[in-house]
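I have placed the structure first, in the form of C-alpha cells, so that the comments after it can refer back to it.
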Amino acid sequence: MKRRAQAAFAKDPLNPIAPMGAPSPDQDIAALRRNYQRASLRSVDLDADPVEQFRRWLQQAIAADLQEATAMVLSTFDGKRPSSRTVLLKAFDQRGFVFFTNYGSRKAQDIAAQANVSLLFPWYGLERQVAIMGPAERISTAESLAYFSSRPFGSRLGAWVSQQSEVISSRHILEMKWQEIQRRFANGEVPLPEFWGGFRVAPIEFEFWQGRENRLNDRFRYRPQKDSNHEQTWCIERLSP
Ligand SMILES: Cc1cc2nc3c(=O)[nH]c(=O)nc-3n(C[C@H](O)[C@H](O)[C@H](O)COP(=O)(O)O)c2cc1C
C-alpha cells in the first residue's frame with residue numbers, strides 16, 4: 681500500500697520528482713522542523729519608518745531571488761467568515777500597499793462590507809514574515825488605468841474574460857469566453873474593464889518577524905503615535921515570540 685502511494689507520487693505529472701535528500705512524502709510531518717539561524721533583527725537595525733523598513737526587506741527578498749517575493753496573503757472578513765488568498769503587490773509608498781483585482785470578486789465584496797484587511801508577506805527563504813494591517817480602499821480609475829495599460833496584452837484580455845469568484849460549469853466556458861474576447865479586441869486596443877482595478881491598504885500596524893534559534897524569534901510591531909509636536913510617528917515595540 682505504502683509502495684503504491686510512493687509510485688503514484690513519482691508518476692504524477694503535477695508532482696515533479698522531489699530533489700535528492702528531500703523528505704519522503706510519507707514522513708511524519710510533526711517531525712519536520714528547521715532551526716532558524718539565518719539572521720537576527722535588533723531594534724537598532726530597524727528604520728524608524730516602517731515603509732522604509734519594508735522596502736529594505738523587500739529588496740533583500742528580491743535580491744535573494746525568492747520565488748514571488750511580491751506575493752502577499754490578503755485576508756478579509758465578510759462580517760461572518762474570514763477568507764485568505766494570495767495577491768501580488770504592485771506598488772507601495774507612504775499612502776499604502778496596492779494590489780489589483782476584479783471588483784466583483786469575493787475579496788472585493790468582503791472589503792465593501794468590512795474595509796479592514798491584513799496582508800502577510802511569507803518570506804520563508806529568509807525565515808521572515810511581515811504582516812500589515814489596515815483599511816483597503818479602491819484607487820482612482822486613472823491609477824488603475826496607468827497600471828492596466830502597462831500589462832501584457834494577454835493579461836489585459838484575461839481581465840475581461842473572468843468573472844472572478846463566480847461558479848462556472850466547465851473550463852470550456854472560460855475558453856469560449858477567451859475566444860470571444862480575443863475577437864472583440866482584435867484591433868489590439870483593450871480598454872480598462874469597469875469591474876477591474878486596484879485597492880490600496882493604508883497601514884495602521886506593521887509587524888516584522890525574523891526566525892531565530894530555538895523559536896526565540898525577533899518580532900517588532902509598529903503602531904502610529906503622535907510626537908510632542910503632534911506629528912505622526914511610529915511607536916516600535918518588541919513582542920514576545
Ligand atoms: C502567486 C499568486 C498571485 C496571485 N495574484 C493575484 C492578484 O494580484 N490579483 C488577484 O485578483 N488574484 C491573484 N491571485 C489569485 C487569488 O489568490 C485568488 O484566487 C483570486 O483573486 C480570487 O480570490 P477571491 O475569490 O477570494 O476574491 C494570485 C494567486 C497566486 C497563487
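Counting the sequence shown from 1 gives a position; the working numbering is that position plus 680. C-beta atoms are modelled at their ideal positions from N, C-alpha and C, and glycine is treated no differently. Here the structure is a predicted model, which is why all the values come from computation and not from measurement.
- Residue 703 carries a coil assignment under DSSP once its states are collapsed to helix, strand and coil.
- DSSP, reduced to helix, strand and coil, places residue 829 within a helical segment of the structure shown.
- With a threshold of 6 Å, the Cβ atom of residue 795 does not count as near ligand 1, since no heavy atom of the ligand is closer than that.
- Burial is judged here by how many other beta carbons sit within 10 angstroms of a residue's own beta carbon; residue 821 has fewer than 16 and is exposed.
- Only residues of its own chain outside the window of five on either side were considered, and among them none has a CB closer than 6 Å to the CB of residue 835.
- Collapsing the DSSP output to three states places residue 865 in coil.
- Here the distance from the Cβ of residue 760 to the nearest heavy atom of ligand 1 is not below 6 Å.
- Assignment of beta-bridge partners to residue 793 by DSSP yields no partner.
- In the same chain as residue 825, and ignoring 5 residues on each side of it, the C-beta atoms closer than 7 Å to its own belong to 872, in chain order.
- Annotation: the continuous alpha helix (DSSP H) that includes residue 732 extends over 730-743.
- In the three-state DSSP reduction, residue 720 falls in the coil class, being neither helix nor strand.
- When Cβ pairs closer than 8 Å are counted between the two stretches, the stretch 789-807 is seen to touch the stretch 754-769, the count reaching three or more.
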